[in-house]
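Participant: Below is one structure. I have some questions about it.
Protein chains in written order, with the numbering used here: chain A, 83 to 370; chain B, 83 to 370; chain C, 83 to 370; chain D, 83 to 370; chain E, 83 to 370; chain F, 83 to 370.
Right, dumping it as structure tokens:
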């Protein structure tokens, strides 16, 4: 994505975001609050600040900044110039805020920690997405998220143009190698699951060979994950399946390999690094 | 650090770690729990698993894995083979665990998410520390941590041989550019702070030039942060101060520059990337 | 179901159940605890009690009773004689418990409130299930559950032989009349959803006529809900669809009508009353 | 009660109701929020809706609906047409609401689940109350309430014209059969309690025979519960006591028997079914 | 009370005490835990310590000490030598504990803060009680307790031989001057309350003159509070009432005046100072 | 301080204060709310009240009163006439409030409990401070605070003109006798701590003799606590140290001794009684 482009993403309800922001503020304020500003800054001082991108990237988490400011100064004015899912160039202003100086300085780190981290995820996701452009493959995340931030981080993946895998252990079925081993085979695992799964629950199974893929296909899962397949095997798998089942490539994916994987014809490429290893997007807060 | 070397680090109390682990488990289990294992794995099945490093690195967060397992199967046996602060080679076993199969599979992702993330921080810290070896400079963290995980991430920095900057806005004073601007100068800011700060609170001030450094020195802060100083200026600052005040270099630090910065004679080098951009350490959970 | 028959149901993790039990105990103990037992019963007195079904029914929620007792007397012995999903006759013993008299009497109401309510749901579900016996139709629940108890109540539906509809607004898509109206038609709503939904999310749409059903079928949703269809229309819908899509009958379902509805050939019959109007199963706690 | 009649009931403070409403919304929104509306409904769309009674009944819990809407759209307009404690006919509008379409649709189920459940309790209570009309007997609830909802459900009982028994184990003393057994008799239990109870705590004792009633009377408790007494025995008890002590009839009460019980002259009739087995009042949310 | 005497007091359930203890520990441990012990004390060091009274007093809150130790070292041995409600001499050992040195030192302040504060309340209560000895008057507390600690502080009052007034705004009715003013008189206030109060709720009214007392008596409240009555008026009130209603003297009570007040014949003397101004009992933790 | 004098104190963020206030309100409202006002006071009645000092003192905690009122009536008007840190005479008005009568009466006790307790601490602190006037000695608090209220109580100490010792076990190092014993001496303890402590953490050590003081001085801690030193020894210590290290006198401090101790030349005098034994400041709420 280049600056100005935008992925349209629906916002999370504040009811989900606000408790996380307040927890982060409480963690930072501790037992005595911001003792530096209390010592240096008059209580009545006001400040105008701008959130500015220091590096190019894709934004996610503006609501975190807005809610952090509102939690410490309900009367502050927060004006977004960009939106979640929007690409920015270095130096562009993301939002401007005007309010009590102490409140803004106390909210700064929480706002930046959250928005920077989430924008980092969106930016990395967009990089993967761009390398898969022109193919049918979508970039998806995993459950390798930061404890406590899963809802926000999966939102950030969407901001980068990616899509979401399941949100937890409870909302979809994913049969992995340990399950297959416990059941004595892919087909038996799928049969057990079929008998147990609700009608609103999708079923995916992980396979590690073309033979297992063929066995899985017989049982008609919704999705099959091809774990650590070589490119040639991915291609053969895609040819074999021809759209009857959704195919997810997993394992060994990085920015160098994702393009080739995408061109094998798989539907989905899951990338744990989107959430577990994305560097932060550098955003600063400047006086205006 | 090479495999087998170890930074001795005191553990955090479980009282601090356990609520974070339980929150992470609850986030993953959602409203219905692990529906895959419930469908595939008999309730009475047991499993023996090993946490194994897939890449070399420095460990942090073993307590998270132990507590995640215990939260879902209080009777499981968890045996550590390595300790926080210890360097491991790829393929080495970190811990073995034996317990109910469903509980272990449900705890797996939470355990790995936390231990992998914290070990990633420890590993990156160790890399910075090794490049500063032979100098007086210590590598320190910042407040650029993950919301909700600050205590754990700062522990991980110690595991990698780094040290901690302040833990929040309330436990030490750090006068930044906005504060200086509001007070009309470094010296005035330090005087205001001196009148306000308790006797158990250290005071640091950020300066962005040698002139400001000289002004700051007059007021005898405990620590002076040299923000984005060129190497030559860092050297001049260290020569000027000659140990009278602790000097912290900040800004523009990466693995390529940290060695040169360390050799300027500063006491501390703060690196936000330790906690905001460390890639996860790849750890897996294998059947034994 | 008759006494002794059993639906095999996987238990929820204690991590999900225990916080609910502790909240209920805290609500009942208030600020001063059980002042009656404190006044009447010596601190060292012990008691042996049996949970006994006063009416026939299907059990759910034994874990609640076990955890309520353990929360107040960690050393008490709790021995289940029956299991969740098992049908009992009036007078049968469900579990016996032995522990501190004050603790047991204080846990009694919480244990019975939860187990009675959940067993009431299981019992009512089993009644619906039995009337649909011999057909392809499964009895499913809705989101009309008690706030705070959804995980437990959906577990209770499974204990009665029913299956679960979605668990929340976030784990599956259900397009209702308001959504259709906002989109200007069933087909457009399904197209918008298709573009938005993740690959692990199933999609259901509500239709209120055979014409809408035909329109919906074109877009291949996973499930179609037939809202308040007459029996003849349900039959025609089932004939029309012939298994290509899962069909859910909804609205106007009670114990008198459910059999006829089941025989129309639909796959699912959703019954809000399972969780919003099930009378409690009468269970008592008797001295042994 | 017939439509338009009203029991005047004082509202609970929002401070008690709001946390329950927010917990229920969080349970329903899960980790991703309302994914259906996010896919179908434009973010800026607005909606006007009416809460409408589908069946006649007595209302309770309007504050839950108001607070659910406000939690998701603080700017929404919520206008009550009826009040808690008011009887409505089928088809009558209870409240109208105007606000963001996504917020209203996401709040709908929480609002209806709470208001429907509480109105169901009020409606059932009113039915019992009407059958006891013309007697001195008041209909009262028990501690057989839904865990987490006791404050709301006891409020609903008042909305139906009933009164409340104690709210927990800590605010009044109720000596039951197990306590009597542990003390070796009703009189001894009352003496022990008398020595222990504070001056602001009322004392009730359960008796299961006229002989025990006479023994209890000697010790002057505030209330005596006649447990499972035959009608003739209730009458004899009332004649014997002649207003000196409050008499509560308990056990075997249903809508068929409550009138006869009320005419025996007892002061109170406690009915567990008010809160443990009341069917929901059917309320819908219609476009306006 | 002299050392060795004991008021028999029933313990609070751990379920009520433990959350308070854990909150206090978390407040003290903060984000980094006990950094002094981590630096000085080897992880494996063990310690034997004794809780010792430095001044004579009456004990309350031993459970807090036991639970604080157990929360940080579940394997520690805690052995009580005294009990809640027992009078101790200066120098007497209250309990001995043996466990991990770091855990014990970290738990020390929380244990002492709670036990010292509660024992201070018990000790002050006992002083008031002893001055009222030989009269019918009981010493009672008020709602002037520490926010968050009401259950514990009212328990401490019982440990000192006092009794409890109501526990909150919800468990008993107390008509105060503002209510009387709003109703236009004591009698009208009592009539309104009578119509509203449940059968398990006691009713008290505050009066400030003998005339108001006579007006109140007509309405037969359970308790009448004589607010700031002179001694002669208290005597006249007691003579007038002759045991028909419980009389509570309130206002202007201190250790010098309580004896004379008790001898006027009132039943209860309420003392806010028991909980709002009791000095701590000095307890130390010594090596053994 | 005399009425009208004022210590300028920076307010705590509402984010820290509000959760404590809401917890206190919830504790007081219980499960049924204020049943007296519900029975006596019309729902629409309004009230104008004034918080009035009944005794002279120094104020702290006005924010608690403001937030308690706002929590129950967001539309109430709260107007402060005095500020935290300001001395008031008996009879002076602190704040006036105008709002719903039921809300104000329900908030009254919580507001007064918090403001009275905190003002009591400020008042006692001011008394100590005045006796040390004209010396270099500052009066400081300890960790002997009320569990859950540490942030508020340490703020109250500042309102009285005192200063704060550390806020928890984690924000500064204080080596006590047990640590010294475990290390085998003051010097060794300081060396271990020096190796472990971060650069933003101050180090204090407790000594109990002039010999230990000399040993400690060698290791250059930031602060030395002189525990239970006689006046002559305090004087000698101050002479010996001559400002090189901050000296804290501790133990045996009361209002009679504090002046003499202050005149020995120590820098700090710590007084546990400030927070563990301060009597409440009597504040009332009067109709206006």
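Using N, Cα and C, we set each Cβ at its ideal position, and we do this for glycine too.
Computed from a prediction, not measured in an experiment: that's the story for all the values here.
How do the region 243-254 of chain C and the region 276-294 of chain C stand: do at least 3 beta-carbon pairs fall below 8 Å, yes or no?
Facilitator: The region 243-254 of chain C vs the region 276-294 of chain C: in contact.
Participant: Roughly how far, in whole angstroms, is the beta-carbon of residue 122 of chain A from the beta-carbon of residue 275 of chain B, given that I think they are within contact range, below 8 Å?
Facilitator: With 8 Å as the limit, residue 122 of chain A and residue 275 of chain B qualify as a contact, their Cβ atoms being about 6 Å apart.
Participant: So, are the CB atoms of residue 134 of chain C and residue 186 of chain C less than 8 Å apart?
Facilitator: Against a cut-off of 8 Å, the Cβ pair of residue 186 of chain C and residue 134 of chain C comes out as no contact.
Participant: Quick one, are the C-beta atoms of residue 229 of chain E and residue 357 of chain F less than 8 Å apart?
Facilitator: Result no, Cβ atoms of residue 229 of chain E and residue 357 of chain F do not sit closer than 8 Å.
Participant: When burial is assigned at 16 or more other CB atoms within 10 Å of the CB, is residue 87 of chain A buried or exposed?
Facilitator: With fewer than 16 other Cβ atoms within 10 Å, it is exposed.
Participant: Would you list, in sequence order, the uninterrupted alpha helix (DSSP H) runs of no fewer than 4 residues that lie entirely inside the region 225-299 of chain F?
Facilitator: Here the runs fully enclosed are 232-241, 259-265, 268-278.
Participant: Within 10 angstroms of its Cβ, does residue 171 of chain D collect 16 or more other Cβ (buried), or is it exposed?
Facilitator: Exposed, since its Cβ has fewer than 16 Cβ neighbours within 10 Å.
Participant: Checking contacts by CB at 8 Å: is residue 106 of chain E closer than that to chain C?
Facilitator: For residue 106 of chain E, the answer is no, since every Cβ of chain C falls outside 8 Å of its Cβ.
Participant: Are residue 330 of chain B and residue 348 of chain B close, meaning C-beta to C-beta below 8 Å?
Facilitator: Going by C-beta atoms, residue 330 of chain B is nearer than 8 Å to residue 348 of chain B.
Participant: Check whether the Cβ of residue 182 of chain F lies closer than 8 Å to any Cβ atom in chain D.
Facilitator: Answer no: the Cβ-Cβ gap between residue 182 of chain F and chain D never drops below 8 Å.
Participant: Quick check on DSSP: helix, strand or coil for residue 169 of chain B?
Facilitator: Reduced to three states, the DSSP call for residue 169 of chain B is strand.
Participant: Is it right to say residue 145 of chain E is buried, meaning 16 or more other beta carbons lie within 10 angstroms of its own, or is it exposed?
Facilitator: When all chains shown are included, residue 145 of chain E counts as buried.
Participant: Excluding the five sequence neighbours on either side, which residues of its own chain have a C-beta within less than 6 Å of the C-beta of residue 162 of chain B, listed in chain order?
Facilitator: Taken in chain order, the residues that qualify are 144, 177.
Participant: Which of the three DSSP states is assigned to residue 368 of chain F in this structure?
Facilitator: Reduced to three states, the DSSP call for residue 368 of chain F is strand.
Participant: Which residues does DSSP pair with residue 216 of chain D in a beta bridge?
Facilitator: For residue 216 of chain D, which the question treats as bridged, DSSP gives no partner whatsoever.
Participant: My output table needs one value for residue 136 of chain E: the three-state DSSP class, helix, strand or coil.
Facilitator: In the structure shown, residue 136 of chain E sits in coil (DSSP, three-state: anything other than H, G, I, E or B).
Participant: Kindly indicate if chain A contains any beta-carbon less than 8 Å away from that of residue 342 of chain B.
Facilitator: It does not; no Cβ of chain A falls within 8 Å.
Participant: Under 8 Å between the Cβ atoms of residue 221 of chain F and residue 351 of chain F?
Facilitator: A contact, by the Cβ cut-off of 8 Å.
Participant: Below 7 Å on C-beta distance, what does residue 115 of chain E contact in chain B?
Facilitator: By Cβ distance, chain B contributes 94, 95, 98.
Participant: If the cut is a Cβ gap below 8 Å, which residues of chain A does residue 188 of chain D touch?
Facilitator: Those within 8 Å of residue 188 of chain D in chain A are 95.
Participant: Check whether the region 114-128 of chain E touches the region 127-142 of chain C, counting contact only when three or more Cβ pairs, one atom from each stretch, lie closer than 8 Å.
Facilitator: No, the region 114-128 of chain E does not touch the region 127-142 of chain C.
Participant: Going by beta-carbon coordinates alone, are residue 313 of chain A and residue 338 of chain A separated by less than 8 Å?
Facilitator: Cβ atoms of residue 313 of chain A and residue 338 of chain A: not closer than 8 Å.
Participant: Residues of the region 249-277 of chain B with a CB closer than 7 Å to any CB of chain E: list them in chain order, please.
Facilitator: So the list reads 249, 250, given in the order they occur along the chain.
Participant: Please classify residue 184 of chain F as buried or exposed, where buried requires at least 16 other C-beta atoms within 10 Å of its C-beta.
Facilitator: Residue 184 of chain F comes out buried.
Participant: Below 7 Å on C-beta distance, what does residue 122 of chain E contact in chain F?
Facilitator: The contacting residues are 257, 261, 264, 265, 271, 274, 275.
Participant: Can a CB atom of chain F be found closer than 8 Å to the CB of residue 286 of chain B?
Facilitator: It does; some Cβ of chain F falls within 8 Å.
Participant: Between the alpha carbons of residue 218 of chain A and residue 344 of chain A, how many angstroms are there, rounded?
Facilitator: Distance between the alpha carbons of residue 218 of chain A and residue 344 of chain A: 7 Å.
Participant: Please state if the CB of residue 223 of chain E and the CB of residue 181 of chain E are separated by a distance shorter than 8 Å.
Facilitator: No, the Cβ-Cβ distance between residue 181 of chain E and residue 223 of chain E is not below 8 Å.
Participant: Put residue 306 of chain C into one of helix, strand or coil per three-state DSSP.
Facilitator: Residue 306 of chain C: strand per DSSP, three-state reduction.
Participant: Exposed or buried, what is residue 336 of chain B when buried is set at 16 or more other beta-carbons lying within 10 Å of its beta-carbon?
Facilitator: Residue 336 of chain B is exposed by the Cβ-count criterion.
Participant: Measuring only the C-alpha atoms, how far is residue 299 of chain A from residue 324 of chain A?
Facilitator: Residue 299 of chain A and residue 324 of chain A: Cα-Cα distance of roughly 11 Å.
Participant: So for residue 117 of chain F, helix, strand or coil by DSSP?
Facilitator: Here residue 117 of chain F sits in helix by DSSP.
Participant: Quick one: which residues of the region 193-204 of chain A get their C-beta closer than 7 Å to a C-beta of chain D? List them in chain order.
Facilitator: Those would be none; no residue qualifies.
Participant: Do you know offhand how far residue 261 of chain F's Cα is from residue 271 of chain F's?
Facilitator: Cα-Cα distance, rounded: 7 Å.
Participant: Does the Cβ-Cβ distance between residue 360 of chain B and residue 203 of chain B come in under 8 Å?
Facilitator: Cβ atoms of residue 360 of chain B and residue 203 of chain B: closer than 8 Å.
Participant: Which value, in whole angstroms, describes the spacing of the CA atoms of residue 99 of chain E and residue 93 of chain E?
Facilitator: Straight-line Cα distance between these residues: approximately 10 Å.
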